[in-house]
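**Q** If you're matching positions, the sequence shown starts at 449 in the working numbering and goes up one per residue.
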Amino acid sequence: MLWEVDILPRQGQPDRAAQRLAQSARQLQLADPFQVASARGFLLQSKALHREQVEKLTRELLADPIVEEARCAQLGDPLLSAPPESL
Numbered sequence: 449m450l451w452e453v454d455i456l457p458r459q460g461q462p463d464r465a466a467q468r469l470a471q472s473a474r475q476l477q478l479a480d481p482f483q484v485a486s487a488r489g490f491l492l493q494s495k496a497l498h499r500e501q502v503e504k505l506t507r508e509l510l511a512d513p514i515v516e517e518a519r520c521a522q523l524g525d526p527l528l529s530a531p532p533e534s535l
């Protein structure tokens, strides 16, 4: 089974990667002000991993729960295509 894990800045936390991208776009005069959000993504493939195990891996290894929000689901789940709340 193929799992996708998305790690986003928690609401209220700065999105530094998105800020850098927006600043670079402005410096290159590529875009007027626009909204951008960043996320890190991981794909986990295993026949043995169950949802609870993927969530535990995400909580304990991939995300910092103080400043990040994690979404994990099977690849293709509509949850993973929802935009971040910051947009």
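We treat Cβ as the ideally placed atom computed from N, Cα and C, and that holds for glycine.
#1: Got a sec, what are the start and stop residues for the alpha helix (DSSP H) residue 484 sits in?
#2: Smallest Cα separation from residue 458: which of 472, 470 and 486?
#3: Can you tell which of 503, 455 and 491 has the C-alpha that lies nearest to the C-alpha of residue 523?
#4: Candidates 525, 478, 488 and 474: which alpha carbon is nearest residue 499's?
#5: Which value, in whole angstroms, describes the spacing of the CA atoms of residue 518 and residue 477?
**A** Once the coordinates are examined:
#1: Element bounds for residue 484: n/a, residue is neither H nor E.
#2: 486
#3: 491
#4: 525
#5: 33 Å
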